[in-house]
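Note that the protein sequences, when read in sequence, are chains A and B. Numbered per the numbering used here, the first sequence spans residues 3 to 163. Numbered per the numbering used here, the second sequence spans residues 3 to 163. Just so you know, even glycine gets a beta-carbon here, dropped at the ideal spot from N, CA and C. The structure presented is a predicted model; accordingly, all values stated were derived computationally and were not measured. Right, one structure below, let's go through it.
There are 2 protein chains.
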Amino acid sequence: MAVLTIQSCAARSSPGRLVRRIDKLMANLVESRFEDTGVSFVQWIALKVVRDGVARNAGDLARELSITTGATTRMIDVLEARGFLVRDRGSADRRVVQLAVTDEGHALVEQLQHRVVEAWNEVLVDFEQDEVDVVVAGLIKLLAAAERVCGCPDRHKELAE
Amino acid sequence: MAVLTIQSCAARSSPGRLVRRIDKLMANLVESRFEDTGVSFVQWIALKVVRDGVARNAGDLARELSITTGATTRMIDVLEARGFLVRDRGSADRRVVQLAVTDEGHALVEQLQHRVVEAWNEVLVDFEQDEVDVVVAGLIKLLAAAERVCGCPDRHKELAE
DNA sequence: ATGCATTGTCTGCATATGCAGATATTGCGC
DNA sequence: GCGCAATATCTGCATATGCAGACAATGCAT
Numbered sequence: 003m004a005v006l007t008i009q010s011c012a013a014r015s016s017p018g019r020l021v022r023r024i025d026k027l028m029a030n031l032v033e034s035r036f037e038d039t040g041v042s043f044v045q046w047i048a049l050k051v052v053r054d055g056v057a058r059n060a061g062d063l064a065r066e067l068s069i070t071t072g073a074t075t076r077m078i079d080v081l082e083a084r085g086f087l088v089r090d091r092g093s094a095d096r097r098v099v100q101l102a103v104t105d106e107g108h109a110l111v112e113q114l115q116h117r118v119v120e121a122w123n124e125v126l127v128d129f130e131q132d133e134v135d136v137v138v139a140g141l142i143k144l145l146a147a148a149e150r151v152c153g154c155p156d157r158h159k160e161l162a163e
Numbered sequence: 003m004a005v006l007t008i009q010s011c012a013a014r015s016s017p018g019r020l021v022r023r024i025d026k027l028m029a030n031l032v033e034s035r036f037e038d039t040g041v042s043f044v045q046w047i048a049l050k051v052v053r054d055g056v057a058r059n060a061g062d063l064a065r066e067l068s069i070t071t072g073a074t075t076r077m078i079d080v081l082e083a084r085g086f087l088v089r090d091r092g093s094a095d096r097r098v099v100q101l102a103v104t105d106e107g108h109a110l111v112e113q114l115q116h117r118v119v120e121a122w123n124e125v126l127v128d129f130e131q132d133e134v135d136v137v138v139a140g141l142i143k144l145l146a147a148a149e150r151v152c153g154c155p156d157r158h159k160e161l162a163e
């Protein structure tokens, strides 16, 4: 408690700075390997969570991607136009837009998934399995703490995973 | 090595997903406490690294913020217009734009720094000091690994910190 | 000293996203 | 059934950023 001091709050070694930089670098790294497909990293994540049933409609998807529903609408527009995804205005509740990946989208997710794993494994080559586990565990705890303080609106149904 | 599997590469517990979400949440959290100042989180970081001498010119600042020099130019425009920062076309090399915070900028950094520390400490309230150290150490190693794979262009002078 | 490659910053244009209001649908109380 | 609050998505507009080329200053080879 009271763990961060003035000196460390925005230093190179502050958690905030580190997560930001890692996020940017990894997104760029992965995206550089998607170039032939014209699909962005975020678009790939969108397709993946829809395919895996983690996001079934537009609102779910927005929460999964940590972007607004407005931004999500437009991303779905693009993915639908490119034939990777289809909208389906639900018959039960006609407000919600059910999402499903097409065969083409499914194939794309599969293909790019291997590239993502490969990139991460190149980065993690000098890590032992338990080192990774420790980092991930720490991040999970940190995220939970941040969500608590933010009174996080997306404490949504825990689609076990 | 070969630590990430297909299953875990984009799951809720993947390092990539976690760092992205933590970054977004913390940026929003901090920014919500800056509202009265009209300064964004990134703008505050910019002022801070300039004040601390970590970034002395526009190029340095771009690397510190992980954004392009073009975006940096415009951010400097705003901060200069608001009187927090001054440009000074260097006399030694007239290409570089030396940066310095004004008295007003200095005061702002000081004031907001306390809010940032406070926010982080609220998040970290259930962490022991050594838990934080472990997470930070893991992130530092992860960042170094990512920079290695990216052939990172900003392995710039190690302004010790 | 001249020409040319390099470097640092800036600018024009495109995209991604946030925000706030609009629209459509649902469900609830009466 | 009617009116109204709540919900899910969409749209218009503003901003932040990336990218690629422009421009200015420097320094190096000759």
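Exposure of THR70 (chain B), with buried meaning 16 or more beta-carbon neighbours within 10 Å: In the second sequence, the residue the question calls residue 70 (chain B) occupies position 68. Flag for THR70 (chain B) reads exposed.
Anticipated Cβ contact below 8 Å, ALA48 (chain B) with LEU81 (chain B), distance rounded: Here residue 48 (chain B) is taken as the residue at index 46 of the second sequence, counted from 1. Here residue 81 (chain B) is taken as the residue at index 79 of the second sequence, counted from 1. Cβ atoms of ALA48 (chain B) and LEU81 (chain B) come within 8 Å of each other, at about 7 Å.
For VAL118 (chain B) and ALA109 (chain B), the rounded distance between their alpha carbons: Along the second sequence, read from residue 1 onward, the residue named residue 109 (chain B) stands at position 107. Along the second sequence, read from residue 1 onward, the residue named residue 118 (chain B) stands at position 116. Near 15 Å, if we compare the C-alpha coordinates of VAL118 (chain B) and ALA109 (chain B).
Alpha-carbon spacing of ASP2 (chain B) relative to MET28 (chain B), whole angstroms: Past the edges of chain B, shown from 3 to 163, lies residue 2 (chain B), and the structure says nothing about it.
Where the beta strand (DSSP E) containing ALA102 (chain B) begins and where it ends: What you label residue 102 (chain B) is simply residue 100 of the second sequence in a count that begins at 1. Note, ALA102 (chain B): beta strand (DSSP E), 99 to 103.
Host beta strand (DSSP E) of ALA88 (chain B) (start-end): Taking the second sequence and counting its residues from 1, one reaches residue 88 (chain B) at position 86. The identity of residue 88 (chain B) in the sequence shown is Val, whereas the question assumes Ala. Counting along the chain, the unbroken beta strand (DSSP E) around VAL88 (chain B) starts and ends at 87 to 91.
Span separating the alpha-carbon of GLU120 (chain A) from that of ASP90 (chain A): If you number the first sequence from 1, residue 120 (chain A) lands on position 118. If you number the first sequence from 1, residue 90 (chain A) lands on position 88. Distance between the alpha carbons of GLU120 (chain A) and ASP90 (chain A): 34 Å.
Cβ neighbour criterion (16 or more within 10 Å) applied to ALA146 (chain B): Counted from its first residue, the second sequence places residue 146 (chain B) at position 144. It counts as exposed.
When B:PHE129, B:GLU130, B:LYS143, B:VAL125 are compared against ASP25 (chain B), the one with the closest alpha-carbon: As a working mapping, residue 25 (chain B) is identified with position 23 in the second sequence. Distances from the CA of ASP25 (chain B) to each of B:PHE129, B:GLU130, B:LYS143, B:VAL125 were compared; the closest alpha carbon is that of B:VAL125.
Residue span of the alpha helix (DSSP H) that contains ALA59 (chain B), given as start and end: As a first step, residue 59 (chain B) is located in the second sequence; it is residue number 57 there, counting from the start. Before going further, note that residue 59 (chain B) is Asn rather than Ala in the sequence given. Counting along the chain, ASN59 (chain B) sits inside no alpha helix (DSSP H), nor does DSSP assign it H or E at all.
Below-7 Å beta-carbon distance, GLU124 (chain A) vs any chain B residue: Position 122 of the first sequence, counted from the first residue, corresponds to residue 124 (chain A). Any Cβ of chain B closer than 7 Å to the Cβ of GLU124 (chain A) would place that residue at the interface, and such an atom is present.
Local conformation of ALA94 (chain A) per DSSP, three classes: Sequence index remark: in the first sequence, residue 94 (chain A) carries index 92 (1-based). Coil.
Chain-ordered neighbours of MET77 (chain B) on chain A, where CB pairs are closer than 8 Å: Your numbering for residue 77 (chain B) matches position 75 in the second sequence. Neighbours of MET77 (chain B) on chain A: none; closest Cβ ~15 Å, over 8 Å.
Helix, strand or coil at GLY18 (chain B) [DSSP, three-state]: Counting from 1 along the second sequence, the entry for residue 18 (chain B) is found at position 16. It is helical.
Bounding residues of the alpha helix (DSSP H) (the contiguous stretch that carries GLY140 (chain A)): Taking the first residue of the first sequence as 1, we reach residue 140 (chain A) at position 138. First-last of the alpha helix (DSSP H) with GLY140 (chain A): 131 to 151.
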